[in-house]
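To start, the structure itself, in structure tokens.
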Amino acid sequence: MAARSRPSPPPEPERSHVNLQDLPLRDDLRGKTPYGAPQIDVPVRLNTNENPYPPSPELAEDLARAVREHAVELNRYPDRDAVALRSELAAYLGHGLDHTRVWAANGSNEVLQQILQAFGGHGRTALGFEPSYSMHPIITTGAGTEWISGAREADFSLDAGKAVAAVEEHRPDIVFLTSPNNPTGTALPLQTIRRVAEAAPGMVVVDEAYAEFARAGTPSALTLLPEFPRLIVTRTMSKAFAMAGTRLGYLAAHPAVVEALLLVRLPYHLSTLTQVAARTALRHREELLGTVARLREERDATVSWLRAKGLEVADSDANFVLFGRFPDRRRVWEALLAQGVLIREVGPPEWLRVSIGTGQEMSAFREAMEAVL
175 MAARSRPSPP PEPERSHVNL QDLPLRDDLR GKTPYGAPQI DVPVRLNTNE NPYPPSPELA
235 EDLARAVREH AVELNRYPDR DAVALRSELA AYLGHGLDHT RVWAANGSNE VLQQILQAFG
295 GHGRTALGFE PSYSMHPIIT TGAGTEWISG AREADFSLDA GKAVAAVEEH RPDIVFLTSP
355 NNPTGTALPL QTIRRVAEAA PGMVVVDEAY AEFARAGTPS ALTLLPEFPR LIVTRTMSKA
415 FAMAGTRLGY LAAHPAVVEA LLLVRLPYHL STLTQVAART ALRHREELLG TVARLREERD
475 ATVSWLRAKG LEVADSDANF VLFGRFPDRR RVWEALLAQG VLIREVGPPE WLRVSIGTGQ
535 EMSAFREAME AVL
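Start counting the sequence shown at 175; every next residue gets the next number (the working numbering).
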């Protein structure tokens, strides 16, 4: 008897024909674009607000020595709660903080994500005042939280009365304030933060990623922590500490807030090597933060130079400058790139942002801008 032939299975669709729209993606993520600045290999990179000064050979050697000491224990999990690191971060911040009031994660973005996981979610809302850090709405949406966009003034300042009115209207579960603000560079008066914290029914997050670059006399929201148990101040080691590759962000808040974040953090989320690198950087903070004064001077000189060229420039307390206005900012951006200078096409239309680099890099930027203008 002849064997029966089995029907052949239907042909599988070619993988190249499958795209994002064919996947069962969440509806609120459809049509979104991922965060990311262009990564282009050019002589002068001034687009991601990094500290342009690398760690010294002495710091690198100290880090290598610390890694060697801990390498023999990499078969074991790291300190799950990073207590030693949090204690040292608290000592750096001051204001009477200890490790129970400080939390750390992989970059300030993971800190923000954990805040949203703990206090946001389905049926909850977060309010921010734009233009501001573009990751705030992205992380909010990713955490299943509704984003509400509030507005800034024409000069990118935040009117305290209007901010309070927005809080009272929307009653958000989380309010995001950014000081100094990215991409504009503007810092918030402490009284504005206080008024928002008094009106907010939920958590208030003050993103101070660029706090070390603020002009003299600019207060930190850390001073308000004793008054407001629902206030959170986030920081990072990526900017002033020149440790962007370490990916270490942290926050200061009431101990109850830290307890809440323990409920959502992944087990052993901070690797042994990340903790070692961050603690090494803190030991060398005098060296690392020693570049901040130079970058402030370059920033202020850049603001003056751009204004002298007839351009509009936002006041900056950060390590970058937002300037304009250009009817076709893409043309300006491309013209600078053609000369080997990469800046950022971000923020409101007609504006561009330049990170502050070394003196040599800023000279190259000015020469390229001369050619464009």
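Idealized CB from N, CA, C, for every residue including glycine.
{"Item": "If you run the structure through DSSP and keep just helix, strand and coil, what is Ile406?", "Value": "strand"}
{"Item": "Near Tyr442, which residues of its chain fall below 7 Å by C-beta distance, leaving aside the five closest residues on each side in sequence?", "Value": "Tyr251, Pro252, Arg254"}
{"Item": "Helix, strand or coil: how does DSSP classify Val506 here?", "Value": "helix"}
{"Item": "To the nearest angstrom, report how far apart Leu425 and Ala265 are at their CA atoms.", "Value": "13 Å"}
{"Item": "Do you know offhand how far Val241's Cα is from Thr420's?", "Value": "13 Å"}
{"Item": "Which residue marks the beginning of the beta strand (DSSP E) containing Met377, and which one marks its end?", "Value": "377–381"}
{"Item": "Under DSSP, the beta strand (DSSP E) around Leu301 begins and ends at which residues?", "Value": "299–304"}
{"Item": "From the DSSP output, read off the bridge partner residues of Gly498.", "Value": "Glu486, Trp525"}
{"Item": "Which class does Arg481 belong to by DSSP, given the choice of helix, strand or coil?", "Value": "helix"}
{"Item": "Alpha carbon to alpha carbon, what distance is there between Gly294 and Leu351?", "Value": "16 Å"}
{"Item": "So is Asn283 buried or exposed if we call it buried at 16+ other beta carbons inside 10 Å?", "Value": "buried"}
{"Item": "Is the separation between the beta-carbon of Pro375 and that of Arg345 shorter than 8 Å?", "Value": "yes"}
{"Item": "Near Glu382, which residues of its chain fall below 7 Å by C-beta distance, leaving aside the five closest residues on each side in sequence?", "Value": "Ser353, Ser394, Ala395, Val407, Thr408, Arg409"}
{"Item": "Out of Gly533, Ala256, Leu516, state which residue places its alpha-carbon closest to the alpha-carbon of Leu526.", "Value": "Leu516"}
{"Item": "Nearest to Asp347 by alpha carbon, out of Ile367, Ile322, Leu332?", "Value": "Ile322"}
{"Item": "Leaving out the 5 sequence neighbours to the left and right, which residues in its chain are closer than 6 Å to Arg326 when beta-carbon positions are compared?", "Value": "Phe303, Leu332"}
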